[in-house]
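Report on the structure given below.
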Amino acid sequence: MAAEIKEQLVVQEITAQEAFQEIEDGDVVLIDTREPYEYAEANIEGGKLIPPAMLARQIEEAVPDKSTRVLVHCRSGARSATAVEQMMAMGYEDVVNVAGGILDWQAQGLPVQSEAELTDEQRNRYSRHTLLPEVGAAGQVKLLEAKVLLLGAGGLGAPTALYLAAAGIGRIGLVDDDVVDASNLQRQVIHNTKRIGEPKTASARQTIEELNPDVEVVEHNYRLNSGNILETIADYDIVVDGADNFPTRYLLNDASVRLNKPVVSASILSFDGQISTFVPHEGPCYRCLYPSPPPPELAPSCSANGVLGVMAGVMGLLQANEVIKLVLGIGEPLVGRLLLYEALGTRFTELKVRRDPTCPICGPDAEEVPESELGAFPDYEAFCGGHVGS
Amino acid sequence: MPSVRVPPVLRQHTGGATEVSVEGEKVGAVLQALVAEHPDTKAQIFSEEGELNRFVNVYLNDEDVRVLDGLDTAVSDSDTIMILPAMAGGSL
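Residue numbers (the working numbering), protein chains in the order written: chain X, 513 to 902; chain Y, 2 to 93.
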């Protein structure tokens with residue numbers, strides 16, 4: 513009798529290599545039945561932590577369908593064997609033990625992620641990130657190592673900088689040569705009333721440092737031109753374009769294609785916003801989308817126009833979201849897509865943007881332009897007096 | 002009738018309308034009908050030679066008409082044409 517029961521509950525085992533293959537192929541759930549401190553040291557990507565004492569309570573929520581293929585592992589294979597028996601007794605039909613646990617997995621050279629590179633404070637601060645399988649500890653480390661340059665510490669730059677700082681982007685560069693004005697505060701939420709008259713880069717830096725000491729802020733308190741743009745963007749992984757004028761947008765485009773830097777570009781006007789992500793040579797560039805800027809009399813940015821403050825928040829945070837996806841390599845960035853947001857109708861529209869085979873900057877026949885001609889157009893500087901981040 | 006989505010910069014010339022419906026069987030004809038109804042929009046859309054301005058993109062639904070048949074692209078009543086000028090505002 514006892515032998516029969518024992519036979520019924522015989523625990524099936526698979527090797528670490530077999531488990532790796534099954535996880536790669538998908539359609540399996542991986543349960544990690546160790547303690548949180550062990551999980552923090554090293555874990556298998558996609559694995560769900562359920563410590564032994566919690567198994568009976570948590571497994572049915574984690575795996576509601578009892579016919580699901582479930583792989584269970586622990587450190588060496590002993591606790592997980594018990595867990596497999598327990599689950600079989602609960603009616604799980606297709607549950608196996610990963611022999612040798614994570615020790616064998618690691619001995620085989622299979623990949624693990626670790627929170628070891630995070631300090632205790634960071635583990636706590638970013639716990640809502642690391643709990644996401646798409647981010648995890650490894651993803652948070654990527655964010656902490658990322659270097660992102662924001663063009664403009666103004667309407668778009670303010671919310672983008674706040675959320676990127678909160679997310680733990682390791683270095684945030686801010687390009688802006690303006691000072692905080694009371695009329696900025698309707699939308700530039702990184703500044704405040706006490707900082708009126710201070711340089712925007714310094715004001716933003718103070719807010720960021722108070723929010724998250726993990727972030728290093730670099731102030732670029734000058735205007736971009738063809739002589740300093742390459743040097744300015746060279747050290748960054750991603751550039752976020754919130755510039756308020758066409759010369760800077762074309763200048764950035766030409767320089768970023770040259771240096772192969774992805775640009776997350778957005779613009780806002782009244783109740784309307786546009787955003788796209790330009791990854792050089794993978795998708796179109798800004799000049800593929802807009803081959804030339806409008807003439808000054810038709811360029812809305814050249815004169816004072818209203819904008820709903822919330823628009824800066826919506827579009828700026830869509831930019832922050834694109835940055836995070838690019839850093840983590842997850843999701844589908846807006847490459848080759850232009851997303852329009854119209855706030856009054858609460859309407860999003862997505863348009864296709866294609867690479868222009870005749871693009872003078874990123875096309876197959878594009879010739880390298882001299883540095884002095886980066887961003888150049890005939891009469892280009894003359895037509896619009898805007899500057900970054902006003 | 003096909004409808005035309007009007008960008009913010011042109012709305013002062015359409016009496017504030019964000020969308021107008023005009024007749025036309027091709028993209029060019031629809032835009033001409035729009036210009037006839039709202040003459041001040043012309044400078045934004047067409048060059049003096051009657052070509053689409055380089056700084057304006059025109060989309061038929063989600064596709065740039067430059068990769069279709071340009072102003073000769075056929076339009077049906079259920080289509081939406083979008084005029085999309087470059088915008089530069091970041092923090093105006």
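Glycine included, C-beta positions come from ideal geometry on N, C-alpha and C. Every value quoted in this text rests on a predicted model; they were computed, and no experiment measured them.
DSSP state of residue i mapped onto helix, strand, coil
{"i": "Y:K43", "result": "helix"}
{"i": "X:D544", "result": "strand"}
{"i": "X:A476", "result": "With chain X running from 513 to 902 in the structure shown, residue 476 of chain X is simply not present."}
{"i": "X:S626", "result": "coil"}
{"i": "Y:S79", "result": "coil"}
{"i": "X:K864", "result": "strand"}
{"i": "X:V647", "result": "coil"}
{"i": "X:G843", "result": "coil"}
{"i": "Y:V5", "result": "strand"}
{"i": "Y:V21", "result": "strand"}
{"i": "X:V819", "result": "strand"}
{"i": "X:T849", "result": "According to the sequence displayed, residue 849 of chain X carries Arg and not Thr. Looking at X:R849 - three-state DSSP - the assignment turns out to be strand."}
Cβ-Cβ separation, residue j to residue i (assumed contact under 8 Å), whole Å
{"i": "Y:P86", "j": "X:D784", "result": "The Cβ separation is near 11 Å, so there is no contact."}
{"i": "X:L846", "j": "X:Q786", "result": "Incorrect: roughly 10 Å between the Cβ atoms, too far for contact."}
{"i": "X:L742", "j": "X:L771", "result": "7 Å"}
{"i": "Y:N54", "j": "Y:Q45", "result": "7 Å"}
Bridge-paired residues (DSSP) for residue i
{"i": "X:S777", "result": "X:D753 and X:S788"}
{"i": "Y:K27", "result": "Y:A75"}
{"i": "X:P711", "result": "X:V691"}
{"i": "Y:N58", "result": "Y:L85"}
{"i": "X:N609", "result": "X:E525 and X:V584"}
{"i": "X:I684", "result": "X:V660 and X:V729"}
{"i": "Y:D65", "result": "Y:Y60"}
{"i": "X:Y604", "result": "X:Y604 pairs with nothing; no bridge assigned."}
{"i": "X:S782", "result": "X:V819"}
C-alpha distance - residue i paired with residue j, whole-angstrom precision
{"i": "X:A568", "j": "X:Q598", "result": "8 Å"}
{"i": "X:K864", "j": "X:T594", "result": "54 Å"}
{"i": "Y:F56", "j": "X:F758", "result": "11 Å"}
{"i": "X:V540", "j": "X:V881", "result": "52 Å"}
{"i": "X:D689", "j": "X:D756", "result": "13 Å"}
{"i": "Y:G2", "j": "Y:V23", "result": "The question names Gly, but residue 2 of chain Y is Met in the sequence shown. Rounded to the nearest angstrom, the two C-alpha atoms are 6 Å apart."}
{"i": "Y:K43", "j": "Y:V36", "result": "5 Å"}
{"i": "X:L911", "j": "X:V691", "result": "This structure leaves residue 911 of chain X out entirely; chain X is present only between 513 and 902."}
{"i": "X:G875", "j": "X:H585", "result": "51 Å"}
{"i": "X:D693", "j": "X:Q718", "result": "16 Å"}
{"i": "X:C797", "j": "X:H732", "result": "24 Å"}
{"i": "Y:M88", "j": "X:L781", "result": "7 Å"}
{"i": "Y:Q13", "j": "Y:D41", "result": "9 Å"}
{"i": "X:C800", "j": "X:I681", "result": "30 Å"}
{"i": "X:L630", "j": "X:V653", "result": "7 Å"}
{"i": "Y:V66", "j": "Y:E52", "result": "13 Å"}
{"i": "X:Y762", "j": "X:G887", "result": "5 Å"}
Cβ-based burial, residue i [other Cβ within 10 Å; buried from 16]
{"i": "X:K706", "result": "exposed"}
{"i": "X:S715", "result": "buried"}
{"i": "X:Q634", "result": "buried"}
{"i": "X:N636", "result": "exposed"}
{"i": "X:R859", "result": "exposed"}
{"i": "Y:M83", "result": "buried"}
{"i": "X:P548", "result": "exposed"}
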